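Protein chains: 2
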Amino acid sequence: MTAPAQTQRRNRTETEARILAAARRIIAREGFRGLGIVAVGTEAGCDKKLVTRYFGDLEGLVTALGGELGLWLGAAESAAPEGDYADRLGALLDAYGASLRADPVLQQALAWELVAPTPAMQALDAARSRAVGAWMAAARGDARPPPGVDAPAVNAVLLAALHYLTLREGSLGGFAGLALDEAGRQRVQDALRFLLRRAFGQGDAP
Amino acid sequence: MTAPAQTQRRNRTETEARILAAARRIIAREGFRGLGIVAVGTEAGCDKKLVTRYFGDLEGLVTALGGELGLWLGAAESAAPEGDYADRLGALLDAYGASLRADPVLQQALAWELVAPTPAMQALDAARSRAVGAWMAAARGDARPPPGVDAPAVNAVLLAALHYLTLREGSLGGFAGLALDEAGRQRVQDALRFLLRRAFGQGDAP
DNA sequence: GACAATAGTCCCCAATCGGAGACATGCGCA
DNA sequence: TGCGCATGTCTCCGATTGGGGACTATTGTC
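Chains as they are written, first to last, in our numbering: chain A, -15 to 190; chain B, -15 to 190.
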């Protein structure tokens, strides 16, 4: 006679947390491609039925994950704003890059958004976008870019580069002939600083 | 009595071409996520057995596709190099961005590389990387960046931004609060030009 | 202490996927 | 012209997926 396969302690909130943690673990390990109802249930150590019962759908699971994923911006308590506009933006880019590089789930989300921009991923991106915008505004403080420069566009370009190079580092390990190891990352960081100072520095018009 | 379901004309090379074309069509329409043996066979109008027989595997199919995908660099016959280093790089970025935006298959490949860097995708990226490098060298001609500037790193940053923003345009339609419509793209292009001139322009040290 | 709600488990289902065996038949070459 | 190889088709298979129905039993409430 088969042992009755002892059932889990009954605690819905804890089970939901276990499921979300399992999903995050899978995403960090295999990316969103490996995220499935069955896989999450197995990883969480519970029946897959519970995944669909509590979150309805993979979309629902991702949406629920979005709330937790918003936590990463808590690490955004960067240093107090100092220096001119370029300095502050530079410090912001450094801090943002570090927190981005430290969070594989976030990286996978950024990459997956490009491949499968489902409503859930769109919402996730919108929330993050708002958070980053507020963060930038706070870090900028009262410093203003010099007139005649399209600061939003320039900032978008530099942020885009940071995103893409970080994703390349985690996947192909390099870009455009530049190996993204320790030294390469340093060169990129210096290049970003350099471009910021050239774009916004006071050496504008002597 | 069932009609004997007339069979295709027997021509292996043509069939292989049909399969590759079908794969490209699927990638352009649904991305690499929709690329499967069954889907390719159906789209090509032949039995899926032929896909595996001729290309062995999805990896093999992608590898074979890589040869065809290398064709896009044929459009790289940009204008003759004129002006200083910044001008030439600017023209190069414009041409590259235009051909990138015009090729949905290439965009999907760039996005998928970040998510699934399989050997086939790595090889595809390496080939493209070499091609772009040669292209840049040719476009640069005899112009040299001013000393003291890490030109490879700066170029990698600007290229990365161009890649990422193009991918965002095709997926989420915007980035960092910047809508990537006609006007947004123009602002990005101007920002890239602006950064190039600030980084490499002769207005270095007056 | 009885009872209802519900957390958890088990099992079945249809669909789809990649893969391969078996077979027919058209094409190229002698 | 005839023959053999290879091209194309049909069919079956095992695995996996998302989904849901049926059932058990625990928990907390009155």
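Beta carbons: idealized from backbone N, C-alpha and C, even for Gly. Source: prediction; values computed, not measured.
- For Y69/A, the nearest beta carbon of chain B is not closer than 8 Å to its own beta carbon.
- If you draw a 10 Å sphere on the C-beta of Q173/A, you find 16 or more other C-beta atoms in it, and that means buried.
- Beta-carbon to beta-carbon, E43/B and T(-9)/B are separated by about 28 Å, too far to satisfy the 8 Å threshold.
- Take A107/B, set aside five residues on each side of it, and the residues of its chain with a beta-carbon closer than 7 Å to its own are T47, G50, in chain order.
- Rounded to whole angstroms, the gap between the alpha carbons of L77/A and L143/A is 8 Å.
- By the criterion of at least three beta-carbon pairs nearer than 8 Å, the segment 141 to 159 of chain A is in contact with the segment 91 to 100 of chain B.
- For A75/B, the closest Cβ of chain A is not nearer than 8 Å.
- For the segment 139 to 163 of chain A, the set of residues with a beta-carbon nearer than 9 Å to any beta-carbon of chain B comprises N139, A140, V141, L142, L143, A144, A145, L146, H147, Y148, L149, L151, R152, G154, S155, L156, G157, G158, F159, A160, G161, L162, in chain order.
- Judged by DSSP secondary structure, A6/B falls within the alpha helix (DSSP H) whose first and last residues are -4 to 14.
- Looking at the backbone, the Cα of R171/A and that of A137/B are separated by about 6 Å.
- The Cβ atoms of Y69/A and A127/A sit closer than 8 Å to each other.
- The Cβ of D134/B sits closer than 8 Å to at least one Cβ of chain A.
- Annotated as proximal: G74/B and L180/B, with beta-carbon spacing under 8 Å.
- For L98/A, the nearest CB of chain B lies under 8 Å from its own CB, placing it at the interface with that chain.
- Neighbours of R182/A in chain B, taken as residues at a C-beta separation under 8 Å, are given in chain order as L179, R182, A183.
- For the pair N(-5)/B and A115/B, the Cα-to-Cα distance works out to about 32 Å.
- Rounded to whole angstroms, the separation of the alpha carbons of E(-2)/B and L90/A is 44 Å.
- Buried is the label assigned to G168/B, since at least 16 other Cβ atoms lie within 10 Å of its Cβ.
- DSSP, read as helix, strand or coil, puts A137/A in helix.
- A residue is called buried when at least 16 other Cβ atoms come within 10 angstroms of its Cβ; D109/A meets this threshold and is buried.
- Against chain B, the CB of A95/A has a partner CB under 8 Å away; the residue lies at that interface.
- For the 8 Å CB-CB criterion, R177/B and A123/B do not form a contact.
- With its beta carbon at least 8 Å from every one in chain A, G20/B lies outside the interface.
- About 5 Å separates the beta carbon of A28/B from that of R2/B, a gap short enough to meet the 8 Å contact definition.
- Closest option to W119/A, judged by alpha-carbon separation, among P65/A, A104/A, P130/A: P65/A.
- A Cβ-Cβ contact shorter than 8 Å links V133/B with A183/B.
- Taken in chain order, the members of the segment 108 to 120 of chain A whose beta-carbon sits within less than 8 Å of a beta-carbon on chain B are D109, S113, V116, G117.
- For the segment 68 to 102 of chain B, the full-length alpha helix (DSSP H) segments reaching 4 residues or more read 69 to 85, 88 to 99 along the chain.
- The C-alpha of I21/B is placed about 31 Å away from the C-alpha of D31/A.
- Per DSSP, D41/B lies in no alpha helix (DSSP H) segment and is marked neither H nor E.
- For G15/A, the nearest CB of chain B lies under 8 Å from its own CB, placing it at the interface with that chain.
- With 16 or more neighbouring CB atoms inside 10 Å of its own CB, A140/A falls in the buried class.
- Proximity of L176/B to chain A, defined by a Cβ-Cβ separation below 8 Å, is satisfied.
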